[in-house]
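*Asks:* Each position in the sequence shown, counted from 1, maps to that position plus 42 in the working numbering. The beta-carbon is built from N, C-alpha and C at its ideal position, and this holds for glycine as well.
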Amino acid sequence: MAEMELLAPAGSVETFRAALDGGADAVYVGAPGFNARNLARDLRLEEIGAMIRHCRGLNKKLYVAANSLVLDRELPALIENLTLLQELQPDGLIVQDLGLIHLVRKFFPRLKLHGSTLMLAHNSEAVRFLSDLGCKRVVLARELTLKEIRTIAARSGETEIEVFIHGAMCFSYSGLCLFSSYLGGKSGLRGRCVQPCRRGYTVVNQRGRGREGKSDPARYLFSMNDLNGLEVLPELIEAGVSSLKIEGRLRSAHYVHNIVKAYRLMLDAAPEERERTLAEAKVLADTAMSRKTSTGYFLSPQPAEAITPFHSGNMGIHLGRFSATKTAGDQPICRFVLKGELAVGDRLRLHQEPSGERSAFRLKTLFVGGVQQERAAAGSKVSIPLPEDWQPRPGHVEVYKTDSAVGASAAGSGFLEVPAAGRELAGIRRKLQREIENLVANVCGSVETDPDEKKGKGGLGGGPSAGAKGARG
């Protein structure tokens, strides 16, 4: 069972280390500026270079996702990135743009292409087509059943098949969504999704022309539950897929470590130990504090638990409830009995019921029995300060922990040789600068570049929308 590749996400140096510590065989990161999860702070190419070197030393792999759609004005920055990436030699380049595939095959043949899930491969002919285009691996659409995956894998020949096993699901087919673009002009296919599907919407019952009837409470009608494939892992392995992929380049180091470790336990377990190991893995997954989970489409093309309309986002671990607050000066304070562990630095979410209002914050101060402490155990009577803008509503408040302080500030980049990788990259850039300029002229001609690129923001950090959060893995 351990021969199956376990592929983990990393959006930072901290999550990269967490993925490896959890037991990942491979890690995928985003190409600066050209990935479908355009982060507020993309990884730099020198960091990616150091990660590639680090993985090679551990006999593990590092893949780079360049899976956003690219506009003509962004081609110069893209070509520079591809030139440098080819020298760094990641183990695979994940793509969705057909023009990018053409560029790589024609000018960057040493880069190994992987077809992104955004290319919508949902049958064996799509896999063959992408293979003919040069893709060594294809990430299947997430809406496939186990039976369909098994059939495709059996017909894939030498093409490796990768399947998402855990993480966020999109309401639209394989992430091909225009919701964010339509509402606010920020395209999810270019790494800018503002996730309108995670918001609450009110349904208004119309009573004839021009008359507004009774409205229902806001519900999360488009917010999909997260995928959790722990229970179907043996069937997926038997289906013959090559790699199991965990979504989550925007997730915390704590989340990545726990989810990777849960699947590592299952992959390494002997057949007679699977039932016991599954229980242990589920506990780990629960402590990762994600949304409510389901088996997605693995068991049915019409899953019964696709959404949870009255909850959205990270449900987390339920810590308790309170119905009244006190004040210390201008600071509102609540008191309640803990159902689980709590520590300074944990991220909490307050659910006001029945109004449905939500409030999230990072815990800075904790009192146990009136004494300030760094942490508290289950059963403790605790007092915690609430956000200054807290507005109590009639009813009670449920308290959830949505992220842990443990692992949130894991060791920085010191374990990576980033300065050395940076010097190596600078040397490569100087050596290939004329080649890059000639290639840009050859491909782009007189294409007008993006203003940001003219200011030097191309290359290492160039591309579409720096700073917007995306919605794809």
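Since I believe residue 362 is in contact with residue 441 (beta carbons under 8 Å), could you give me their beta-carbon distance rounded to a whole number of angstroms?
*Replies:* Yes, residue 441 and residue 362 are in contact; Cβ-Cβ is about 5 Å, under 8 Å.
*Asks:* In angstroms, rounded to a whole number, what distance separates the CA positions of residue 453 and residue 408?
*Replies:* Because the pLDDT at residue 453 is just 48, under 50, the model does not fix this residue reliably, and the point stays unresolved.
*Asks:* DSSP beta-bridge partners for residue 270?
*Replies:* 208.
*Asks:* Using alpha carbons as the reference points, say which of 372, 52, 267, 90 lies closest to residue 338.
*Replies:* Looking at the Cα atoms, 267 is the closest of the given residues.
*Asks:* Going by C-alpha to C-alpha distance, which of 114, 419, 53, 377 sits closest to residue 90?
*Replies:* When only C-alpha atoms are compared, the closest one is 53.
*Asks:* Once DSSP output is grouped into helix, strand and coil, what is the label at residue 494?
*Replies:* Bear in mind that a pLDDT of 49 at residue 494, under 50, signals an unreliable position, so the model cannot answer this.
*Asks:* Which residue marks the beginning of the alpha helix (DSSP H) containing residue 166, and which one marks its end?
*Replies:* Element bounds for residue 166: 166-174.
*Asks:* Can you tell me which of the three DSSP states residue 449 falls into?
*Replies:* Confidence at residue 449 is low in this model, with a pLDDT of 49, below 50, so its placement is unreliable and no value can be given for it.
*Asks:* Count the other C-beta atoms from every protein chain shown that fall within 10 angstroms of the C-beta of residue 206, then say buried if there are 16 or more, exposed otherwise.
*Replies:* Answer is buried; the Cβ neighbour count reaches 16.
*Asks:* In chain order, what residues of the same chain have a beta carbon less than 8 Å from the beta carbon of residue 61, not counting five sequence neighbours either side?
*Replies:* 50, 51, 52, 69, 298, 299, 302, listed in sequence order.
*Asks:* When burial is assigned at 16 or more other CB atoms within 10 Å of the CB, is residue 352 buried or exposed?
*Replies:* By the 10 Å Cβ count, residue 352 comes out exposed.
*Asks:* Residue 68: beta carbon under 7 Å from a heavy atom of the ligand FMN?
*Replies:* For the structure depicted, the ligand FMN is absent and the ligand set is empty, with no information on it obtainable.
*Asks:* Just tell me which of 133, 395, 202, 129 has its CA closest to the CA of residue 464.
*Replies:* Nearest option by C-alpha distance: 129.
*Asks:* With a threshold of 6 Å on Cβ separation, who are the neighbours of residue 57 within its own chain once the five nearest residues in sequence on each side are excluded?
*Replies:* The answer, listed in chain order, is 295, 298.
*Asks:* Could you check which residue in 457, 364, 483, 433 has the C-alpha nearest to that of residue 425?
*Replies:* Closest by alpha carbon: 364.
*Asks:* What's the call for residue 228, buried or exposed, on a 16-neighbour Cβ count within 10 Å?
*Replies:* By the neighbour-count rule (16 or more Cβ atoms within 10 Å), residue 228 is buried.
*Asks:* Are residue 48 and residue 275 touching if we call contact CB-CB under 8 Å?
*Replies:* Not in contact: residue 48 and residue 275 (Cβ atoms no closer than 8 Å).
*Asks:* Can you give the Cα-Cα distance for residue 223 and residue 241, rounded to whole angstroms?
*Replies:* Distance between the alpha carbons of residue 223 and residue 241: 15 Å.
*Asks:* Quick one: Cα of residue 127 to Cα of residue 135, how far?
*Replies:* Taking the straight line joining both Cα atoms gives about 9 Å.
*Asks:* Comparing the C-beta of residue 420 with each C-beta of chain D, is any distance below 8 Å?
*Replies:* Among the chains in the structure shown there is no chain D, since it carries only a single protein chain.
*Asks:* In angstroms with no decimal places, state the Cα-to-Cα distance between residue 270 and residue 46.
*Replies:* If you take the alpha carbons of residue 270 and residue 46, they lie about 17 Å apart.
*Asks:* So what does residue 305 bridge to, in DSSP terms?
*Replies:* Per DSSP, none; premise fails for residue 305.
*Asks:* Let me check understanding here. Comparing Cα to Cα, which of 323, 344, 433 lies closest to residue 374?
*Replies:* It is 433 whose Cα lies nearest to the Cα of residue 374.
*Asks:* Please report the Cβ distance between residue 120 and residue 231, rounded to the nearest whole angstrom; I am assuming they are in contact, meaning their Cβ atoms lie under 8 Å.
*Replies:* The pair is not a contact, with the Cβ atoms about 15 Å apart (cut-off 8 Å).
*Asks:* Could you please give the first and the last residue of the uninterrupted alpha helix (DSSP H) stretch that includes residue 91?
*Replies:* Residues 87-99.
*Asks:* Going by Cα to Cα distance, which pick from 344, 428, 333, 360 is closest to residue 372?
*Replies:* Minimum Cα distance to residue 372 is reached at 428.
*Asks:* What are the boundary residues of the alpha helix (DSSP H) that includes residue 475?
*Replies:* Counting along the chain, the alpha helix (DSSP H) containing residue 475 begins and ends at 460-486.
*Asks:* For residue 132 versus residue 94, is the C-beta distance shorter than 8 Å?
*Replies:* Closer than 8 Å, so yes.
*Asks:* If you compare alpha carbons, which of 64, 75, 162 is closest to residue 106?
*Replies:* For the residues 64, 75, 162, the minimum Cα distance to residue 106 belongs to 75.
*Asks:* Name the DSSP bridge partner or partners of residue 376?
*Replies:* DSSP lists 367, 426 as partners of residue 376.
*Asks:* Does the distance from the C-beta atom of residue 437 to that of residue 397 stay below 8 Å?
*Replies:* Yes; because the gap between Cβ atoms is below 8 Å, this pair is in contact.
*Asks:* Can residue 15 and residue 417 be called in contact, C-beta distance under 8 Å?
*Replies:* With the chain covering only 43 through 515, there is no way to say anything about residue 15.
*Asks:* Using only the alpha-carbon positions, how far apart do residue 44 and residue 346 sit?
*Replies:* Here the model assigns residue 44 a pLDDT of 42, short of 50, so the residue's position is not dependable, and the following value carries that caveat. C-alpha separation (whole angstroms): 31 Å.
*Asks:* Just how far apart, CA to CA, sit residue 458 and residue 233?
*Replies:* Approximately 27 Å, taken between the alpha carbons.
*Asks:* Compare the beta carbon distance of residue 65 and residue 306 with 8 Å and say whether it is the shorter of the two.
*Replies:* Yes, they are a contact pair.
*Asks:* Starting from residue 141, trace the beta strand (DSSP E) both ways and give me its first and last residue.
*Replies:* Counting along the chain, residue 141 falls outside any beta strand (DSSP E), though it belongs to the alpha helix (DSSP H) covering 140-149.
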